[in-house]
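Taking it in order: structure first as structure tokens, then the write-up.
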Amino acid sequence: MKKTTEPNKSLFDGFSEPDRLQIEQALAIIARIPDDPHYYRPKGIEVAAILLAFHIDLKTILAAILSDPRVTQLTPQPDIKAQFGDTVAALVKDVIWLNTFSIYSLDMTEQPSQTENLRRMLLSMIQDVRSVLIKLAYRVRRLQVLPKESYEMRRFISQETLDIYAPLANRMGVHQLKWELEDMAFRYLKPQSYRRIAKSLNDKRIERENSIARFISLLKQTLTAENITAEVYGRPKHIYSIWKKMQRKQLDIDELYDLLAVRVIVDNLGACYGVLGLVHATWQYIPKEFDDYIANPKENGYQSLHTVILDPDGKRIEVQIRTRKMHEFAELGMAAHWAYKEGGKHDAAIEKSIASLRKLLEEKEGDAVLEESFRNELFSDRVYVLTPKGQLIDLVKGSTALDFAYAIHTEIGHRCRGAKVNGRIVPLSYTLKSGEKVEILTVKDGFPNRNWIDPNLGYLKSAIAVSKVKSWFKNQQQSQNIEAGKIILDKELQRLGIKPPSLQILAKHFKQPGPDKLLEAIGRSDISLRQITAFFKIPEFEETTTINNPPKRTTNKSGVSVNGVDNVLTSFASCCTPVQGDDIIGYISHKKGVIIHQKNCPNVLQLDPEKQIRLVPVEWGKAKSSHAVPVSIQAFSTQTLLTDVTQTLAQAKIHIISAALDTHPDFSATLNLTIQVENTDQLSQVLNKISCIPEVIDVKRKT
Numbered sequence: 018m019k020k021t022t023e024p025n026k027s028l029f030d031g032f033s034e035p036d037r038l039q040i041e042q043a044l045a046i047i048a049r050i051p052d053d054p055h056y057y058r059p060k061g062i063e064v065a066a067i068l069l070a071f072h073i074d075l076k077t078i079l080a081a082i083l084s085d086p087r088v089t090q091l092t093p094q095p096d097i098k099a100q101f102g103d104t105v106a107a108l109v110k111d112v113i114w115l116n117t118f119s120i121y122s123l124d125m126t127e128q129p130s131q132t133e134n135l136r137r138m139l140l141s142m143i144q145d146v147r148s149v150l151i152k153l154a155y156r157v158r159r160l161q162v163l164p165k166e167s168y169e170m171r172r173f174i175s176q177e178t179l180d181i182y183a184p185l186a187n188r189m190g191v192h193q194l195k196w197e198l199e200d201m202a203f204r205y206l207k208p209q210s211y212r213r214i215a216k217s218l219n220d221k222r223i224e225r226e227n228s229i230a231r232f233i234s235l236l237k238q239t240l241t242a243e244n245i246t247a248e249v250y251g252r253p254k255h256i257y258s259i260w261k262k263m264q265r266k267q268l269d270i271d272e273l274y275d276l277l278a279v280r281v282i283v284d285n286l287g288a289c290y291g292v293l294g295l296v297h298a299t300w301q302y303i304p305k306e307f308d309d310y311i312a313n314p315k316e317n318g319y320q321s322l323h324t325v326i327l328d329p330d331g332k333r334i335e336v337q338i339r340t341r342k343m344h345e346f347a348e349l350g351m352a353a354h355w356a357y358k359e360g361g362k363h364d365a366a367i368e369k370s371i372a373s374l375r376k377l378l379e380e381k382e383g384d385a386v387l388e389e390s391f392r393n394e395l396f397s398d399r400v401y402v403l404t405p406k407g408q409l410i411d412l413v414k415g416s417t418a419l420d421f422a423y424a425i426h427t428e429i430g431h432r433c434r435g436a437k438v439n440g441r442i443v444p445l446s447y448t449l450k451s452g453e454k455v456e457i458l459t460v461k462d463g464f465p466n467r468n469w470i471d472p473n474l475g476y477l478k479s480a481i482a483v484s485k486v487k488s489w490f491k492n493q494q495q496s497q498n499i500e501a502g503k504i505i506l507d508k509e510l511q512r513l514g515i516k517p518p519s520l521q522i523l524a525k526h527f528k529q530p531g532p533d534k535l536l537e538a539i540g541r542s543d544i545s546l547r548q549i550t551a552f553f554k555i556p557e558f559e560e561t562t563t564i565n566n567p568p569k570r571t572t573n574k575s576g577v578s579v580n581g582v583d584n585v586l587t588s589f590a591s592c593c594t595p596v597q598g599d600d601i602i603g604y605i606s607h608k609k610g611v612i613i614h615q616k617n618c619p620n621v622l623q624l625d626p627e628k629q630i631r632l633v634p635v636e637w638g639k640a641k642s643s644h645a646v647p648v649s650i651q652a653f654s655t656q657t658l659l660t661d662v663t664q665t666l667a668q669a670k671i672h673i674i675s676a677a678l679d680t681h682p683d684f685s686a687t688l689n690l691t692i693q694v695e696n697t698d699q700l701s702q703v704l705n706k707i708s709c710i711p712e713v714i715d716v717k718r719k720t
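Going by my numbering, the sequence shown opens with residue 18, and the numbers climb by one from there.
If you want it as structure tokens, here you go:
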């Protein structure tokens, strides 16, 4: 026997005769669904009834009725597009997809960025934002029948509601749905807390309502007497928001101030402060609870005056005073306001579309232009895809499978050789769509292909990914230049018949940061063979040590003896900075006396045979002397590194001559010191003490 649509006549109220005929057609389709007394999930007709309270347009009502999950089981399937048009068909398709969407997991509760990406992905994959409104109504109904589900399902649905759907309702400005979603979800997740707050509110409900009514009446009389036009009304607090404030402020419900709240909306800025003055003059107020968010707006741009007064019965009432424009900003909001409430980020596209929806909700007759504005891409510049483990990745619209690989990790991108999308092999240049699951296939020792950075081949869309590939090739080119520079230098040294010199000395002479940069410059031909040859034609060895590394100081006559003689003019070479206890040797110079080197100094070991005759045996004297020694410390970059090292040296009674701290992008640091020690034993002890500092990775004497 065919079911009658008579019980649903209430749906016709407020609609014209042609609109009623379309609703009749939709209900006729629903009437074809067989009766099932055990079916308790949300029904389209129930969802449409929820939406009627928001004066929504006809197409949304039709889509709500026809997106009933049981319609998909009908045979034959109704032709919704032919009967009701493209918009209704698209809405139904979106709602069915939203109702079967299953990416959320309870782990996301602790990952705000993932829940935000999931909300954005939902909105990016629908054609019409009104389908989200229908989905929210479905979720309200789902929560209403949730007691019939298992404990695990109640917990899952409730947490998903708080993480995903209540924030969406807030963004859409449908606050009644937001409050219902939050309060019902909270009731299932924390039933004891819910009942305790509900009981407390109910016990004092009449008293609270009477207090608010008396205050509003007195306030309106006061404003009228001063010729101030204002809208004044009570602002209800809902159970979930009360609980959140209790948690945030660590207070019991009886200690909260703003369970009694009144909002005053005025025409202009001057009236805001006029109302505030009247309130403070008429009632006792609590100074520490006054906030001027007009003079000092919140970071999200929110503006209002907040004050707390005591009514004649001693009850605290919060009063919010703002202009109409401020109120519209707070209620209709900007994405910055959503960020303040939910931790999300500003998005101009969603802001525009949601604002349109809010406006349409206020228009009982609807607006064809506004309806058309919903059929756009909310996130035309973003795409949201999933890893095999279900993590959501936010990419630039048009991103490829290869872009996804680089978004996961640079090395994954470099070693990428293939990709699967929803289990199917695709080219690396495949353009991803929101909701797809992507798996990257890699090789062990892979590297990028130059074709990847060719914009005409379409492998990469993301500028960051392109930069990573270019950086890899730049580093490879750098390595090749270093190798080429080494070959060029070796050949030139062979041609000149010169032993390989210290690269540090060469680098310093050519003003390069180090040996690798020197060889790279030679490989790039920035340093020519003529310049290299000219360097090796410097006549005296000591010129390379005393001009580029001038001796640090002249020793006293008892510091070092030369061939057993104490009163010989000596100086220490800066290239190896010998310290008492080092094995040393002297080099007879023309102008600096005997220059003392360590025996293993590269400059000594690389002396030409004709200069080796200037080497003379030397030894340390018995008298104590101090020596300046350069020390290099590698450490994690911390603000206390220099302080910790300085204190360690002070405790060891070691004098610091100079110190230079350099921090690096990888959060490491290099601390270069010159310290004064008496001998190698003392130096060794000091280095050991420095190495025990927690943030120090390595410490060594510079040579």
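Heads up, the beta-carbon is just placed ideally off N, CA and C, and yes, glycines get one too.
On a predicted model such as this, the values are computed, not experimentally measured, just so you know.
query, result
"Have a look at 87, 105, 88 and flag the residue whose alpha-carbon is nearest the alpha-carbon of residue 80.", "105"
"Pull up the distance between the alpha-carbon of residue 557 and that of residue 691, whole angstroms please.", "Since pLDDT at residue 557 reaches only 40, below the 50 mark, its modelled position is unreliable, and no value is offered."
"Since residue 415 contacts residue 448 with CB under 8 Å, what's their CB separation in whole angstroms?", "6 Å"
"Sorted by chain position, which residues of the same chain lie with C-beta nearer than 7 Å to residue 476's C-beta, five sequence neighbours on each side aside?", "417, 419, 445, 446, 468, 469"
"Compute the distance between the beta-carbons of residue 576 and residue 638, then report whether it is under 8 Å.", "yes"
"Residue ranges of each alpha helix (DSSP H) run of no fewer than 4 residues wholly in the stretch 521–556, ordered along the chain?", "532–540, 546–553"
"Within a Cβ cutoff of 7 Å, which residues of the same chain sit near residue 459, ignoring the five residues on either side of it in sequence?", "429, 432, 433, 434"
"Go through its chain and collect everything with a Cβ distance to residue 132's Cβ below 6 Å, but skip five positions before and after it.", "125, 180"
"Would DSSP call residue 164 helix, strand or coil?", "helix"
"Within 10 Å of its beta-carbon, does residue 254 have 16 or more other beta-carbons around it, so buried, or fewer, so exposed?", "buried"
"Can you tell me whether DSSP reads residue 210 as helix, strand or coil?", "helix"
"Give the DSSP bridge partners of residue 498, in chain order.", "Residue 498 pairs with nothing; no bridge assigned."
"Please report the distance separating the alpha-carbon of residue 359 from that of residue 184.", "Confidence is the limiting factor: at residue 359 the pLDDT is only 41, short of 50, which leaves the residue's position unreliable, though a coordinate-based value still follows. If you take the alpha carbons of residue 359 and residue 184, they lie about 7 Å apart."
"Please return the same chain residues whose Cβ sits closer than 7 Å to the Cβ of residue 392, not counting the five positions on each side in sequence.", "Any reading at residue 392 must be qualified, since the residue scores a pLDDT of 45, below 50, and its modelled position is unreliable; no value is offered."
"Taking residue 721 as the reference, give the member of 148, 214, 225, 88 with the closest Cα.", "This structure does not reach residue 721, given that the chain is present from 18 up to 720, and the question cannot be answered."
"Just mark residue 650 as buried or exposed, buried being the case when its beta carbon has 16 or more other beta carbons within 10 Å.", "buried"
"Taking one C-beta from the stretch 626–633 and one from the stretch 654–672 each time, how about it: are there three or more such pairs within less than 8 Å?", "no"
"Which residue comes first and which comes last in the alpha helix (DSSP H) that contains residue 421?", "418–425"
"For a quick check, are the C-beta atoms of residue 645 and residue 688 less than 8 Å apart?", "no"
"Using a Cβ-Cβ cutoff of less than 7 Å, which residues in the same chain neighbour residue 46 once the five nearest sequence positions on both sides are dropped?", "83, 88, 95"
"So, helix, strand or coil for residue 35, using DSSP?", "helix"
"To the nearest angstrom, how far is it from the Cα of residue 462 to the Cα of residue 658?", "38 Å"
"Determine, using beta-carbon pairs with one atom in the stretch 188–201 and one in the stretch 237–247, whether at least three such pairs fall under 8 Å.", "no"
"Distance check for residue 524 and residue 539, CA to CA, integer angstroms please.", "11 Å"
"Kindly give me the distance between the Cβ atoms of residue 718 and residue 648, rounded to whole angstroms, as I take these residues to be in contact under 8 Å.", "6 Å"
"On the DSSP bridge assignment, give the partners of residue 635 in chain order.", "579"
"Expressed to the nearest angstrom, what Euclidean distance is found between the alpha-carbon atoms of residue 223 and residue 250?", "17 Å"
"Does the separation of the CB atoms of residue 91 and residue 58 fall below 8 Å?", "no"
"Can you tell me whether residue 713 is buried or exposed, with buried defined as 16 or more other CB within 10 angstroms of its CB?", "buried"
"Taking DSSP as the reference, what is the three-state secondary structure of residue 593?", "coil"
"Between the stretch 533–549 and the stretch 496–511, do three or more beta carbon pairs fall short of 8 Å?", "yes"
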